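Asker: My questions will all concern the structure given below.
2 protein chains.
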Amino acid sequence: MMPFSFRVTHTDGAARRGLMTTAHGEVETPAFMPVGTQGAVKGITHRDLESVGAQILLCNTYHLYLRPGDELIARRGGLHRFIGWSKPILTDSGGYQVFSLAARRTIAEEGAHFQSHLDGSRHLLTPERATDIQANLGSDIAMVLDECLAHPSDAATARASMERTLRWARRGRDRFLRLRERVSDTSDTSDTSDTPDTVVTNAGQAQFGIVQGSVFPDLRDESAQRTVEIGFEAYAIGGLSVGEPIDLMYEMVARTTPCLPSSAPRYLMGTGTPEDLVESVARGIDLFDCVLPTRNARNGQLFTSQGRLNIKNARYAEDDRPPDPECTCYTCRTCSRAYLRHLFAAGEMNAATLNTLHNLHFYLDTLRRIRESLLFGRFESFRLLFHESLSRQPRDP
Amino acid sequence: MMPFSFRVTHTDGAARRGLMTTAHGEVETPAFMPVGTQGAVKGITHRDLESVGAQILLCNTYHLYLRPGDELIARRGGLHRFIGWSKPILTDSGGYQVFSLAARRTIAEEGAHFQSHLDGSRHLLTPERATDIQANLGSDIAMVLDECLAHPSDAATARASMERTLRWARRGRDRFLRLRERVSDTSDTSDTSDTPDTVVTNAGQAQFGIVQGSVFPDLRDESAQRTVEIGFEAYAIGGLSVGEPIDLMYEMVARTTPCLPSSAPRYLMGTGTPEDLVESVARGIDLFDCVLPTRNARNGQLFTSQGRLNIKNARYAEDDRPPDPECTCYTCRTCSRAYLRHLFAAGEMNAATLNTLHNLHFYLDTLRRIRESLLFGRFESFRLLFHESLSRQPRDP
Chain A
1 MMPFSFRVTH TDGAARRGLM TTAHGEVETP AFMPVGTQGA VKGITHRDLE
51 SVGAQILLCN TYHLYLRPGD ELIARRGGLH RFIGWSKPIL TDSGGYQVFS
101 LAARRTIAEE GAHFQSHLDG SRHLLTPERA TDIQANLGSD IAMVLDECLA
151 HPSDAATARA SMERTLRWAR RGRDRFLRLR ERVSDTSDTS DTSDTPDTVV
201 TNAGQAQFGI VQGSVFPDLR DESAQRTVEI GFEAYAIGGL SVGEPIDLMY
251 EMVARTTPCL PSSAPRYLMG TGTPEDLVES VARGIDLFDC VLPTRNARNG
301 QLFTSQGRLN IKNARYAEDD RPPDPECTCY TCRTCSRAYL RHLFAAGEMN
351 AATLNTLHNL HFYLDTLRRI RESLLFGRFE SFRLLFHESL SRQPRDP
Chain B
1001 MMPFSFRVTH TDGAARRGLM TTAHGEVETP AFMPVGTQGA VKGITHRDLE
1051 SVGAQILLCN TYHLYLRPGD ELIARRGGLH RFIGWSKPIL TDSGGYQVFS
1101 LAARRTIAEE GAHFQSHLDG SRHLLTPERA TDIQANLGSD IAMVLDECLA
1151 HPSDAATARA SMERTLRWAR RGRDRFLRLR ERVSDTSDTS DTSDTPDTVV
1201 TNAGQAQFGI VQGSVFPDLR DESAQRTVEI GFEAYAIGGL SVGEPIDLMY
1251 EMVARTTPCL PSSAPRYLMG TGTPEDLVES VARGIDLFDC VLPTRNARNG
1301 QLFTSQGRLN IKNARYAEDD RPPDPECTCY TCRTCSRAYL RHLFAAGEMN
1351 AATLNTLHNL HFYLDTLRRI RESLLFGRFE SFRLLFHESL SRQPRDP
């Protein structure tokens, strides 16, 4: 079992290229993690996901906890075996979905009470439970439970939430270390009565802390410093991409990354557009996830080297060109805009599949090109050309 | 451009193995044609379709005529180029969908008046229009328009319908031959005023006639004889699998195939279960199509070597076995029943994709095994073993 590690191999300004090693193999960074909410990226098979270059998959703890259940998955040997994906997996804490999806949620110091959006059943997600559930799932990277604050929030609310997130981080980390000890010491006879059903299905799991602090620079600084003091394998920036102006997000990212250890990967959660990825790499980010490429694909929006393309637009009805003439993905090699528009208009699920394949290829290829530019110390020229190309054509309405 | 041809290479009783050559390549028979209603098999990409061994695709004229329109497809260079599928394509006449899907249809001698199920627009499908539309689509095999009779029908109704089908066959064939002459003689200055917008996008297209006659043996004999007199590249048996008892269907098939020329492929339309395929091959059938493997896949029913398996069944929630332990398809190689059940229960479209991949693999592999048994003169032993295996386990409820 390889322990979690990270090594920066090239830098260019604040941008870095690196290699993250997990229990299920290596990930070249900067990396984008496609979102496989329920243990599958919507609309495409794992082999298609590998064919577009995915090196790591994100799965949602909230969904898998509710259905089919983390204990059922643990009995199957963990998430990798259950879903048949042998590369690295990152799971979120479940907190974000509790805040955005669940019914009648109330936040208390112990954790978040909520009702399932599926059947109304009552649940309590605590920092300890979030850790236990992810131990059952056996992801390679687990996220600590944080409080997700709405934007905008005033400074006092943001501070209180940040303080709670820090207390939860301490509790989540303690539980994680305790489970880890239980695994490493097989003669451990300590009391496990508070985690009777938890199975550590992946002994090499790492746990990332999360920096909060809304859009208040001082709070971000303090949150980063105190989260690092608790000590995690690596750190994420949460609470951004929640409606704040884009420049403010970039400012918060630029402000936070220097407060995080350069020896660990930095993960910007839930972001963003292709432009956001490039700009965040420029500010020292190594890991991304976002539903944008997959969700927009299902709605008929394609990301291309020349901007976004809404395939349902009538202007494409007789357009024999591929969605992106510069793209080498399966969709662009075999499908015209006219055919993709027809499939979308006809309500064929293949439209979702083909659009998703393209959008993920575009995202993953963008990250590949970012990494290549870092290898040759040409990230800044790549960044300029990338933005120029995107603005070359007027966007679809 | 290869002309259409067919050659029987092996026989075993009434069963035959052969090679059908079309303008877009060869098809080994007996063959099963997956249904790609709107120019795509629901839920899987063309490359997945090829990976499970599909040699020929069926597309529905009714759907493509209404959306995106056969003339738009002709402007794209025909159906093969429009959908990016370079192997053979068969199109039906559109008649069956007019009878089963369209609103307010009335059948007259000239053809079928109907309203689109999409927008209520009024249309008239005549034998000539069905031929023209398929010329625009440029399929490798076009079907002549026939009247689809409901089961049961009395002998007088069945005779009247059969007679109309024969008159329509004559008209459809005349139009087909006229379009073909126009293509072969580029100096043709004959009047084309009745087909001004028709483009023959596939000069090598063949046209199949259709035998009707409900469940009346004498009518089937007469329909076969008189359809052969009109003269088509090959012949199909229509009007079966419409609710009649299975033994009656087998009887009609067994009765009809000897009335059809042994030098042309015989196509049993819209059938059927895996057992039906084996039994129909035993009675001299060479070509099949059916929505059963794809439609049932989307509803969670898997065809396996040991019978049908309803993946939504709770008993599979913790079943780590592949759907069919004897199957080599991608789904069976990478997914457990537990995972497939989870995806289905979670409403993930990947469930449809993975189930469809398996079911088509099972159908196409069954045909492959039939062909192999014919090669070695062992079809009868294959047939016995196949039925034995299917009855080995009790079926799911």
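Top line first, the protein sequences correspond to chains A and B. Quick note: the first sequence uses our numbering, first residue 1, plus one each step. Quick note: the second sequence uses our numbering, first residue 1001, plus one each step. All C-beta atoms, glycine included, are put in the ideal place defined by N, C-alpha and C. Computed from a predicted structure; not experimentally measured.
#1: For T126 of chain A versus A169 of chain A, is the C-beta spacing smaller than 7 Å?
#2: So which of B:I1311, B:S1005, B:G1039 has the shortest CA-CA distance to P1323 of chain B?
#3: Mapping DSSP to helix, strand and coil, what is R308 of chain A?
#4: Can you look up A1346 of chain B in the DSSP assignment and give me helix, strand or coil?
#5: Let me know if R1378 of chain B comes out buried or exposed under the rule of 16 or more other beta-carbons within 10 Å of its beta-carbon.
#6: Nearest-angstrom Cα distance between L1268 of chain B and G18 of chain A?
#7: When you compare each of B:S1153, B:L1064, B:R1122 to D1138 of chain B by their alpha carbons, which one comes out closest?
#8: Nearest to N202 of chain A by CA position, among A:I133, A:T331, A:A15, A:F288, is which residue?
#9: By a C-beta neighbour count over all protein chains shown, 10 Å radius and 16 as the cutoff for buried, is T304 of chain A buried or exposed?
#10: Candidates B:S1161, B:V1008, B:S1100: which alpha carbon is nearest Q1115 of chain B's?
#11: Count the other CB atoms, across all protein chains shown, that sit within 10 Å of the CB of R7 of chain A; report buried if there are 16 or more and exposed otherwise.
#12: Let's see if you can read the secondary structure: which residues bound the beta strand (DSSP E) around E1109 of chain B?
#13: Pick out whichever of B:F1004, B:P1003, B:R1016 has its Cα sitting closest to the Cα of R1371 of chain B.
#14: So E1348 of chain B contacts chain A; which residues on that side make the cut at Cβ distance below 7 Å?
#15: In the stretch 1255-1281 of chain B, which residue ranges form an unbroken alpha helix (DSSP H) of at least 4 residues, counting only runs that do not cross its ends?
#16: If I'm right that A1206 of chain B touches T1022 of chain B with Cβ under 8 Å, what's the distance once you round it to whole angstroms?
#17: Can you give me the start and stop residues for the alpha helix (DSSP H) that G95 of chain A sits inside?
#18: A1142 of chain B: which of B:F1176, B:R1076, B:E1109 sits nearest, CA to CA?
#19: Using only CA atoms, which one of A:Q212, A:T131, A:L390 lies nearest to S153 of chain A?
#20: With DSSP collapsed to three states, give me the class of G24 of chain A.
#21: Could you tell me which whole alpha helix (DSSP H) segments of length 4 or greater appear in the stretch 118-142 of chain A?
#22: Kindly say whether P1127 of chain B, judged by its beta-carbon, lies nearer than 7 Å to any beta-carbon of chain A.
#23: Using DSSP with H/G/I as helix, E/B as strand and the rest coil, what is H1010 of chain B?
#24: To which residues of the same chain is A1224 of chain B closer than 7 Å at the C-beta, ignoring the five residues directly before and after it?
#25: For the stretch 1083-1113 of chain B, which residues have a CB atom closer than 8 Å to at least one CB atom of chain A, in sequence order?
#26: Can you pull the DSSP bridge partners for I1237 of chain B?
#27: In angstroms, rounded to a whole number, what distance separates the CA positions of R266 of chain A and H361 of chain A?
#28: Closest to A1314 of chain B by C-alpha separation, out of B:F1344, B:V1291, B:A1074, B:E1026, would be which residue?
#29: Excluding five sequence neighbours on each side, which residues of the same chain lie with their C-beta closer than 8 Å to the C-beta of T11 of chain A?
#30: Under 7 Å, do V200 of chain A and A264 of chain A count as touching if we go by C-beta distance?
#31: Between B:A1160, B:R1122, B:T1045, B:E1275, which has its C-alpha nearest G1307 of chain B's C-alpha?
#32: In the DSSP output, what is M1252 of chain B paired with across the bridge?
#33: Report the rounded CA-to-CA distance for S1280 of chain B versus D1247 of chain B, giving the unit in angstroms.
#34: Determine which residues share a DSSP beta bridge with R1017 of chain B and list them.
#35: Could you check whether T356 of chain A and G53 of chain A sit closer than 7 Å to each other, using their CB atoms as the reference points?
#36: Using the beta-carbon of each residue, which ones in chain A are nearer than 9 Å to H1358 of chain B?
Answerer: In short, the structure shows the following:
#1: Note that the C-beta distance between T126 of chain A and A169 of chain A is not below 7 Å.
#2: With respect to the C-alpha of P1323 of chain B, the residue from B:I1311, B:S1005, B:G1039 having the closest C-alpha is B:I1311.
#3: Three-state result, R308 of chain A: strand.
#4: Coil, per DSSP.
#5: Exposed is the label assigned to R1378 of chain B, since fewer than 16 other Cβ atoms lie within 10 Å of its Cβ.
#6: Cα to Cα, the separation comes out at about 60 Å.
#7: The question names Asp, yet the displayed sequence has Gly at residue 1138 of chain B. Between G1138 of chain B and the set B:S1153, B:L1064, B:R1122, the nearest pair of CA atoms involves B:L1064.
#8: Nearest of A:I133, A:T331, A:A15, A:F288 to N202 of chain A, Cα basis: A:I133.
#9: Classification for T304 of chain A: buried.
#10: The shortest CA-to-CA distance from Q1115 of chain B to any of B:S1161, B:V1008, B:S1100 is the one to B:S1100.
#11: R7 of chain A counts as exposed, since fewer than 16 other C-beta atoms from the protein chains shown sit within 10 angstroms of its C-beta.
#12: Per DSSP, E1109 of chain B is not a residue of any beta strand (DSSP E), being assigned neither H nor E.
#13: Here the closest residue by C-alpha is B:R1016.
#14: What E1348 of chain B touches in chain A: Q38, A40, K42.
#15: You should have 1274-1281.
#16: About 7 Å separates the Cβ atoms of A1206 of chain B and T1022 of chain B, confirming a contact at the 8 Å cut-off.
#17: From DSSP, the alpha helix (DSSP H) with G95 of chain A extends over 95-100.
#18: It is B:F1176 whose Cα lies nearest to the Cα of A1142 of chain B.
#19: Nearest option by C-alpha distance: A:Q212.
#20: Correcting the residue identity first, residue 24 of chain A is His in this sequence and not Gly. Coil.
#21: Fully contained in the stretch 118-142 of chain A are the following alpha helix (DSSP H) runs of length 4 or more, in chain order: 127-137.
#22: Cβ-Cβ to chain A under 7 Å: no for P1127 of chain B.
#23: DSSP places H1010 of chain B in strand when its eight states are reduced to three.
#24: So the list reads V1211, T1256, C1259, L1260, once near-sequence residues are dropped.
#25: Within the stretch 1083-1113 of chain B, the residues whose Cβ lies closer than 8 Å to some Cβ of chain A are I1083, G1084, listed in chain order.
#26: Bridge partners of I1237 of chain B: B:V1211, B:L1268.
#27: Their backbone Cα atoms lie some 23 Å apart in a straight line.
#28: Comparing Cα-Cα distances from A1314 of chain B to each of B:F1344, B:V1291, B:A1074, B:E1026, the minimum goes to B:F1344.
#29: A distance below 8 Å between beta-carbons, with the five flanking residues on each side excluded, links T11 of chain A to the following residues of its chain, in chain order: R17, L374.
#30: When the beta-carbon positions are compared, V200 of chain A and A264 of chain A stay at least 7 Å from each other.
#31: Here the closest residue by C-alpha is B:E1275.
#32: None, per the DSSP bridge assignment.
#33: Each residue's alpha carbon lies about 11 Å from the other.
#34: In the DSSP output, where bridge partners are listed per residue, R1017 of chain B has B:H1010.
#35: Not a contact, by the Cβ cut-off of 7 Å.
#36: Those within 9 Å of H1358 of chain B in chain A number zero; the least Cβ separation is about 12 Å.
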